[in-house]
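> Offset between the sequence shown (1-based) and the working numbering: plus 449.
Okay, handing you the structure first.
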Amino acid sequence: MSDFRTGDIEKKLKRFKKRYHTNALLKTGTLWLAGSLALYLTITLAESALHFGIVARTVLFYTYLLAVAVGFILGPAKSLAILVGLRKGISDKEAAELIGKKIPSVSDRLLNLLQLSKDKENELAQAAVQQQGSKIARHDFSKVVKLRKNRRFLPYLVIPVLLIAGLFVFIPKTMKDGTERLVRHNEAFEPKKPFTLRIVNEFLLAFRNEDYRLQVVAEGELMPESVYMIHNKRRIKMRKDDNGQFTFLFPKIQDSKTFTFEAAGFEQGPYTVAVKNRPALSHFDIALDYPAYTGKTDEMLANLGNITVPEGTKAVWRFHTQHSDSAKISLASRDSTTHHNLGQGKEGVFNFEKTFTKPTEYELALDNDFGSNADKIRYKVDVVKDKYPKITLKQFQDTTLFSYVIFGGDISDDYGLTALNILYKRPADKRYRRVPIRIERGRRHQGYYHQWFLDSLGLEPGEEVAYFLQVTDNDAINGRKSSKTGTFTFRVPSRKEIKDNIAESSQRTATEMDDALKNAQDLKKNIERVEERLRGKNYLDWQDKQALEHLQERRKKIEEDIENLKEQFKDELQKRKQFENSQENEKIAENVEKLQKLMDEVLDDKTKKLYEELQKLLSEQNQDPDAVRNKLDQIKHNEENLEEELERTLELFKKMKYDMKLENMAQNMENLSEKQKELADKKTKNKDLDELAMEQEKIDKEMDGMKEDMKELEQLNQDLKNPNAMPDTKEQEKSIEQKQQDFKNAVQKKQSKKAQESQKEMSKDMKKLAQKMRDMQSGMEMQAMQENLDNLRDIQSNLITASFDQEEIMKTLRAVNLSDPKFVKISQRQLKLKDDTQVIKDSLNALAQRVFQISSFVTRKVNEMNSNMDKSLTDIKERSISGALTHQQLTMTSMNDLALLLDQVMSQMQNQMNGSGNGKSKQSQSKPGNMKLSDLQKQLNKKIEQLKKSGKKGRELSKEIAKIAAEQEQIRRALEKEGKGKPGDLLEEGKDGKNGKKAGDNGLEKTLREMEMTEQELVNKQLTQKMIKRQKEILTRMLEAEKAQKERDLDEKREAEKASDYDKAIPKAFEEYIKLKEKELERLKTVPMRFNPYYKNEVERFFQRKNKQASK
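Rendered as structure tokens:
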């Protein structure tokens, strides 16, 4: 038998007892828990259904707690205490009895074993223990307790659990409310409402001085029709909106509000709305720091959020806030958004600065512990980009001399301009070159005017230059920007185009001269018709006045045509001087100057004054027909001068064209001969013959052009009234053509030496042809001058004879009385003298059309002589002796003046013939008229003194006196003309009333008056010592005046040397423009200096708009 140990039985008993008590705990715990839940469900449902009072709920609450506690103590607490060792459980004996009952094979053996094991000293007992223990040791006593049997109690627990869980799911409010009321058994609970009032507002928080809208919504099975708010013992009905919400507005709430709700007899509350301060913007400032280049004055703006600033402006904000703990500013532009935390403001002031380069919106957010600013503080910064400068251009290209371009226009920019340049490029240039135009850098809007001279570019005929104007602003942010005009070209015409242009201009001038002559002839005829119409009338009717006004209109039109003709002629001369070399011939240059002077004198002031006097007569209320007829007669005689001078001018113009053409051809032929010689002298090999042929071809073309010029010269010669004898140049031309053909043949045969010989021969023939032209030019000049000189001598001789005849007639007339029959013979003698002087007039007019030296004063003197002679005839017929003598005296004076003038013309022609040589005359020899007036006066004084001492009498004395009187008159007229418009050095005497003269009686007037007095005394043959003294005083004043004038001329010369060599007139298209600009400048000077740049800019714009309106 195996060894049995008592300790094993004890362990098994211990496990049995633990399992036994655990089973008891499961059983009692399940039943206790089931009972507790069932009781909780019962009383909770009872409370939910019956709504017990405080006492009943208290009894139920504590009864339930007591029942649960008692059940726990009597049930699971007992087994739990045994298991944790707080109390003893069943004994080993009780355990053995229980095991014996459950295991029949053990029965009482286990109990006996326990009893025997106590007697350790009894061996028999111990042997029995060993025997019995071995039999029962194989049994596991813990299995006797069946824990599974406790499952039968689970339904008692599951049923209440499921009921409670179901009720909490389906009627949670009932379970929760019942439980709550039982737990809060000592509190009184109102009867259950069929609805609940829920405050919609997230927070019961309002901000001071703002409206607060309280929103409440009813929830439940039944909804109240109205809800009242009870506040400060006031019952206020809340407004119900369409959504079923109840609202109440606290306007401009100032402090916290406590209130309750009442609806359908039920109250809910109390609630409290707390009032806090919302962060707010009190005011703000913006300091604007504009970019310096804009010229704008920095500004400080107050409470102005939306601003417009130039690009690059720095803005500094200073926000003054209330109740703000922090601030944040957000900047949003088109492509980005940034946020800037302004931190904790000191005393509620926050600062922020930003430099703006693009439009930006900014929003300021203010915060404190309770909220942020209510309304969005959002503004916009508009940024004005620096605009491109603007430029307008009005230009004038010199189409006469092709030497300059005039620019004018306006330039402007929003902030300022730095430069205006002309950029130009010739075809050979790779880049544009720059020419600056001066502008005022400080002004935003301004006009400009500039004359760009192209001479320095050295443009060749046929070459062109491209150009445009570029204006640059002062943008310091993005860099200076520029705007430009369109690109223009200026082209210098080719030589052929220039030649054609000059020819066209010359033909147009001649045509317009011819038209002006025809108009003058028509005007004269109209004057004669009006004279015939007015003859014998005692008053002027409406048609007479219309006819007279028509005459004045036609005269005005002729004056305008002649003025235009003078300008056109001046342009043509400038063009010829620029592009031709004909005026290098001093004789031609002198003739051109005289022709130009002649054209300037075509319109005389005397005739213009007569027309003004006629107009004055017509404007009188009672017109005097006799006065009108008299004035018309004077006008008619003056218009004869106009007709004759126009005819003469036209013929001299044609002669000038012929002379210039001949001179130009001679010089061109000489130049062509030199070019041909240079080409012939080149060392040429056979391989270079093709290149030589090309250069020769150019010369051949120029030679062909010379042939065309010869044909034009022949045509110009035919247009003259007295054509010149043209030389025969066909032999030289044929020889040149032959040499040209020989050259071509030599080139084809590759004979370079022979080709060069042909070229040398051509050069010689060309030189001969040029010399022939020179000889022809010189010969014609000498022959013409000799013929003209002979004609002048004849005319002068006839004039002197006529003067003596007129003097004899005057003596005879003085000796007769009114009834004397000699009146008839005197009239016949005067009429014959009139016919003789008409021949003189015709001869002189014909000569004046060939001789440039004869001034317009000569031809007018002729007409004045004839006019006075006609008047003397009329006086003789009417037997008015005094009138006849007066007009005869004037006629004789005119004859003497003419004789003297012709004498001077002959002197000039003789000097010119003596100095002609090769056709060129020195300026110093061209005319004695270059002598100073003081020298002429000095010579005249000597003649008077010599004549007084000579003792001459009779006809010889009369001839000398007439000549001296005419010379004095000529000096007087020259002095009067020279004194017009010049400072009065002859005016010193008499300014302050000294010398017995009244103030304002100047020295020039005195000198002219004394000269006229001398002329009168000479006519009366009064050669006295008083006259000689007076002449010396006149000379002294003239010498002093010339000295002063010389000093002025020297000063002017010094000033002129500093100025440009160009003397270009401003085009008429620009005259009005420049006047407007000058007015604008003057007005701008009146702008007060205290105006800031903005207002000055506005003033400039205003003036520009005014100028544009005025220019329209």
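From the three backbone atoms N, C-alpha and C, an ideal C-beta is built for every residue, glycine too.
#1: Using 8 Å as the threshold, is the segment 1213-1228 in touch with the segment 1244-1252, meaning 3 or more CB pairs across them?
#2: Give the straight-line distance between the Cα atoms of Thr1286 and Tyr898, rounded to the nearest whole angstrom.
#3: Which whole runs of the beta strand (DSSP E) in the segment 1215-1299 are 3 residues long or more, in chain order?
#4: Could you give the first and the last residue of the continuous alpha helix (DSSP H) run that contains Gly896?
#5: Rounding to the nearest angstrom, what Cα-Cα distance links Ala505 and Ile613 in this structure?
#6: To the nearest angstrom, report how far apart Ala1411 and Thr1456 are at their CA atoms.
#7: Using CA coordinates, which residue listed in Ile1420, Glu1454, Phe652 is at the minimum distance from Glu1464?
#8: Kindly identify the DSSP beta-bridge partner or partners of Gln860.
#9: Is Met1215 near Met1118, with beta carbons less than 9 Å apart?
#10: For Val610, which option in Ser485, Leu663, Phe715, Glu953 has the closest C-alpha, if you only look at C-alpha atoms?
#11: From which residue to which residue does the alpha helix (DSSP H) around Ile419 run?
#12: So, under 8 Å CB-CB, Leu1396 and Leu1472 are touching, yes? Tell me the CB distance rounded to an integer number of Å.
#13: Can you give the Cα-Cα distance for Leu1349 and Glu1416, rounded to whole angstroms?
#14: Starting from Met962, follow the alpha helix (DSSP H) in both directions and report where the run begins and ends.
#15: Give every residue of the same chain whose Cβ lies closer than 6 Å to the Cβ of Lys467, excluding the five residues on either side of it in the sequence, and list them in chain order.
#16: For Gln1359, which three-state DSSP category applies?
#17: Reducing DSSP to helix, strand and coil, say where Gln1072 ends up.
#18: Taking only runs that begin and end inside the segment 983-1065, name each unbroken alpha helix (DSSP H) of 4 or more residues, in chain order.
#19: Work out the CA separation of Gln970 and Pro1432 for me, nearest whole Å.
#20: Taking its Cβ as the centre, do 16 or more other Cβ atoms sit within 10 Å of Trp991, making it buried, or is it exposed?
#21: Could you tell me which residues DSSP pairs with Met501 in its beta bridges?
#22: Just the Cα atoms here: how many angstroms apart are Lys1408 and Met1462?
#23: Below 8 Å CB to CB, which residues in the same chain sit around Ile503 once its five sequence neighbours on both sides are set aside?
#24: Once you ignore the five residues that flank Phe1272 on each side, which residues in its own chain have a CB closer than 8 Å to its CB?
#25: Determine whether the beta carbon atoms of Pro740 and Glu760 lie at a separation below 9 Å.
#26: With 16 other CB atoms within 10 Å as the buried threshold, where does Lys1106 fall?
#27: Only counting the same chain, and skipping five residues up and downstream in sequence, which positions put a Cβ closer than 6 Å to that of Gly425?
#28: On the criterion of 16 or more Cβ atoms from any shown chain inside 10 Å, does Gln1064 qualify as buried, or is it exposed?
#29: For Val676, which residues does DSSP report across the bridge?
#30: Are the CB atoms of Ala655 and Phe699 within a distance shorter than 9 Å?
#31: Tell me which same chain residues have a C-beta within less than 8 Å of the C-beta of Leu596, skipping the five on either side of it?
#32: Who are Tyr739's beta bridge partners in DSSP?
#33: Since Leu1111 and Met1222 are thought to touch, with beta carbons under 8 Å apart, how far apart are those beta carbons, to the nearest angstrom?
#34: Taking 6 Å as the limit between beta carbons, can you name the residues of its chain near Val765, skipping five residues before and five after?
#35: With a CB to CB cut of under 8 Å and the five nearest residues on each side skipped, what residues in its chain are close to Asp1149?
#36: DSSP three-state call for Ile1185: helix, strand or coil?
On the basis of the data shown:
#1: no
#2: 58 Å
#3: none
#4: Gly896 -> not in any alpha helix (DSSP H); beta strand (DSSP E) instead, spanning 894-902.
#5: 22 Å
#6: 21 Å
#7: Ile1420
#8: In the sequence under discussion, the amino acid at residue 860 is Ile, which differs from the Gln named in the question. For Ile860, which the question treats as bridged, DSSP gives the partners Ile840, Gln895.
#9: yes
#10: Ser485
#11: Shown here, the chain extends from 450 to 1561; a query on residue 419 therefore has no answer.
#12: 7 Å
#13: 7 Å
#14: 944-983
#15: none
#16: helix
#17: coil
#18: 991-1028, 1035-1049
#19: A caution first: Pro1432 carries a pLDDT of 46, below 50, which makes its placement in the model too unreliable to give a value.
#20: exposed
#21: Met is not the amino acid found at residue 501; the sequence shown has Phe there. Answer is none; Phe501 lacks a bridge partner.
#22: 19 Å
#23: His634, Asn635, Glu636, Ala637
#24: Val1265, Ile1325, Arg1328
#25: yes
#26: buried
#27: As shown, the chain starts at 450 and ends at 1561. That puts residue 425 outside it, with no answer to give.
#28: exposed
#29: Note: Val676 sits in no beta bridge, so no partner.
#30: yes
#31: Arg468, Thr471, Asn472, Leu475
#32: None; Tyr739 has no bridge partner.
#33: 6 Å
#34: Ala736, Glu802
#35: Gln1189
#36: helix
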